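Enquirer: Those sequence lines, one after another, are chains R and W. The opening residue of the first sequence carries number 1 in this note's numbering; numbering runs sequentially from there. The opening residue of the second sequence carries number 1 in this note's numbering; numbering runs sequentially from there.
Number of protein chains: 2
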Amino acid sequence: MSASLPPFPRPQEPTDEPVLLELGSGADEPCLRADAARNRARLLEAAARLVAEHGAAGVTMEAVAAAASVGKGTVFRRFGDRTGLLMALLDHSAQQLQGALLGGPPPLGPGAPPVERLQAFGTAVLRQYVDHLELQLAAQPEPTRRFSFPPQRFLTGHVTLLLRQAVPGADAPLLAQVLMGYLDPALIHHLTEECGMPLERLEAGWTDLVTRVTRTELPR
Amino acid sequence: MSASLPPFPRPQEPTDEPVLLELGSGADEPCLRADAARNRARLLEAAARLVAEHGAAGVTMEAVAAAASVGKGTVFRRFGDRTGLLMALLDHSAQQLQGALLGGPPPLGPGAPPVERLQAFGTAVLRQYVDHLELQLAAQPEPTRRFSFPPQRFLTGHVTLLLRQAVPGADAPLLAQVLMGYLDPALIHHLTEECGMPLERLEAGWTDLVTRVTRTELPR
DNA sequence: TCACGATCCGGACCGAGGTCCGTTTAAAGT
DNA sequence: ACTTTAAACGGACCTCGGTCCGGATCGTGA
Chain R
1 MSASLPPFPR PQEPTDEPVL LELGSGADEP CLRADAARNR ARLLEAAARL
51 VAEHGAAGVT MEAVAAAASV GKGTVFRRFG DRTGLLMALL DHSAQQLQGA
101 LLGGPPPLGP GAPPVERLQA FGTAVLRQYV DHLELQLAAQ PEPTRRFSFP
151 PQRFLTGHVT LLLRQAVPGA DAPLLAQVLM GYLDPALIHH LTEECGMPLE
201 RLEAGWTDLV TRVTRTELPR
Chain W
1 MSASLPPFPR PQEPTDEPVL LELGSGADEP CLRADAARNR ARLLEAAARL
51 VAEHGAAGVT MEAVAAAASV GKGTVFRRFG DRTGLLMALL DHSAQQLQGA
101 LLGGPPPLGP GAPPVERLQA FGTAVLRQYV DHLELQLAAQ PEPTRRFSFP
151 PQRFLTGHVT LLLRQAVPGA DAPLLAQVLM GYLDPALIHH LTEECGMPLE
201 RLEAGWTDLV TRVTRTELPR
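1) What would DSSP say about residue 41/W, mapped onto helix, strand or coil?
2) Just to make sure I have the definition right: I need the residues of chain W whose C-beta is within less than 7 Å of the C-beta of residue 205/R. Which are they?
3) Among 44/W, 102/W, 166/W, 179/W, which one has its Cα closest to the Cα of residue 116/W?
4) Using a Cβ cut-off of 8 Å (strictly closer), state whether residue 181/W contacts chain R.
5) Which term fits residue 92/R, buried or exposed, when burial requires 16 or more other beta carbons within 10 angstroms of its beta carbon?
6) What does residue 186/W touch in chain R if you count any residue whose Cβ is under 8 Å from its own?
7) Please work out which residues of its chain come closer than 7 Å, Cβ to Cβ, to residue 32/R, disregarding the five sequence neighbours upstream and downstream, and give them in chain order.
8) Where residue 22/R and residue 174/R are concerned, what is the direct C-alpha to C-alpha distance, given to the nearest angstrom?
9) Locate the alpha helix (DSSP H) running through residue 83/W, then write down its first and last residues.
10) Which residue marks the beginning of the alpha helix (DSSP H) containing residue 151/R, and which one marks its end?
11) Kindly indicate the opening and closing residues of the alpha helix (DSSP H) around residue 213/R.
12) Would you verify that the beta carbon of residue 177/R is, or is not, closer than 8 Å to some beta carbon of chain W?
13) Quick one: what does DSSP say residue 46/W is sitting in, helix, strand or coil?
14) Here's a check: name, in chain order, each residue in its chain whose Cβ is nearer than 6 Å to the Cβ of residue 123/R, leaving out the five neighbours to either side.
15) Tell me the DSSP secondary structure of residue 186/R in three-state form.
16) Smallest Cα separation from residue 136/W: which of 194/W, 86/W, 63/W?
17) On the premise that residue 184/R lies in contact with residue 171/W, defined as a C-beta separation below 8 Å, what is that separation, rounded to the nearest angstrom?
18) For the alpha helix (DSSP H) that contains residue 74/W, what are its first and last residues?
19) Which of the three DSSP states, helix, strand or coil, is assigned to residue 63/W?
20) Do you know whose CA, among 140/W, 177/W, 58/W, 30/W, lies nearest residue 186/W's CA?
21) Could you name the residues that DSSP lists as bridge partners for residue 110/R?
22) Are the beta-carbon atoms of residue 223/W and residue 154/W separated by less than 8 Å?
23) Under the three-state reduction of DSSP, which class applies to residue 136/W: helix, strand or coil?
24) When you compare each of 36/R, 120/R, 138/R, 164/R to residue 215/R by their alpha carbons, which one comes out closest?
25) Which chain W residues are close to residue 92/R, counting only those with a beta carbon under 8 Å from its beta carbon?
26) How many Å lie between residue 160/W and residue 113/W at the Cα?
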């Protein structure tokens, strides 16, 4: 196995507890060598251009390498694999969302009651995914790793926390997965593009789902 | 585009309405030529053997072809792509489940109240996926097509129907997607294998989820 | 029985992701 | 400035899914 690189240091510890502090891939960059940093920037720019010109499907690792005047190996060294490269392209907006969740103004950030924060969370994520939908889809890792990727873990952890507050008796981690499942890019794509549902309907669905799930009075 | 073959005649019409009658891929097989049928059987047998010996990852299209003493092209002609082959391996149990849902004894089949049928549905699917989990995972199509594949559409349609009866006021198709999301093989794998949750917890989670979602009294 | 056409077969071929390893180079130490 | 070394580079190479098309085969109608 090649030691690859840091961007997404495979989690390893399979806990379902929130990892609130590691901001996705934002913290411990080992400070690249000058040429490496330059090439990284070049590659991201080239990739973005390719997306704009030929869509996400046109982002071939070789094409990116060529467009950045760089060897193919360099792309893999820097980003690990295709998914890593695509995720890096989305990293900025992901960081922004994480910031808003942790320290932004209510109701997204701290300060509002948990159920309201959940409502806001859903519509925020929904909207972020709907822009960049194609990229978001293409950046999806293989099914097995989907739930282990830092961004996903962060969001799920956040929801878990809010759920614990909102509905103390429930199995929060499990319910969190349910809510996150509604926000799966592939599902959003299916509902909007293939079933033709308007975004408003999805948002209403989220609202309804959250209120149903957070009802505290148990069955009967 | 190669016309490929019937096994999964790409849906084309993006409706969210249930397609209750087409039993997955079971009905309209065009009756293969003798040699084709023989090769199909050989291929399935070979694939099953490879799964047993080397796991799903060992099921290479070339390996299957070789093990069945058949050309590679033949595999693709018959099954369309890797996913198609793997799905064919799971077809039997899928058909069985569909039969039980449509005509089996309650509470899985008709006759029980919808909420009870939903409960039974979840545990049945959960169990079916947990056996064959590796295969189920490997057979997963690329994200974009996941929701369009006949078996998935059938199950989702079934749930939609039950939800319409159980909770008339709600957006049944959307809620159905939520419930089906809980039964995503990748999620099941993550929770059981990586988080170490026992199956009982997942089943309890399903029960809880269904009761929460089907509560009719609206918020306040 | 024979001929003919639709169907099927096989494996060469292609593209893309991912790996390997000999070479180059930034940058820290002397 | 010179040495040293860990890091980065580049592109040949491998694997595997998927396509193509000339040739073999089945089954049908005469």
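Glycine included, each C-beta is placed from N, C-alpha and C at the ideal position. Since this is a predicted model, take the numbers as computed values, not measurements.
Expert: So, to answer that:
1) helix
2) 171, 174
3) 166/W
4) yes
5) exposed
6) 143, 144, 146, 147
7) 40
8) For residue 22/R, the predicted structure reports a pLDDT of 49, less than 50, and the residue's modelled location is therefore unreliable. The matter cannot be settled from this model.
9) 82–103
10) 150–166
11) 199–214
12) yes
13) helix
14) 203
15) helix
16) 86/W
17) With 8 Å as the limit, residue 171/W and residue 184/R do not qualify as a contact, their Cβ atoms being about 17 Å apart.
18) 72–79
19) helix
20) 140/W
21) 112/R
22) This structure cannot speak to residue 223/W, because chain W is shown only from 1 to 220.
23) helix
24) 164/R
25) Those within 8 Å of residue 92/R in chain W number zero; the least Cβ separation is about 22 Å.
26) 14 Å
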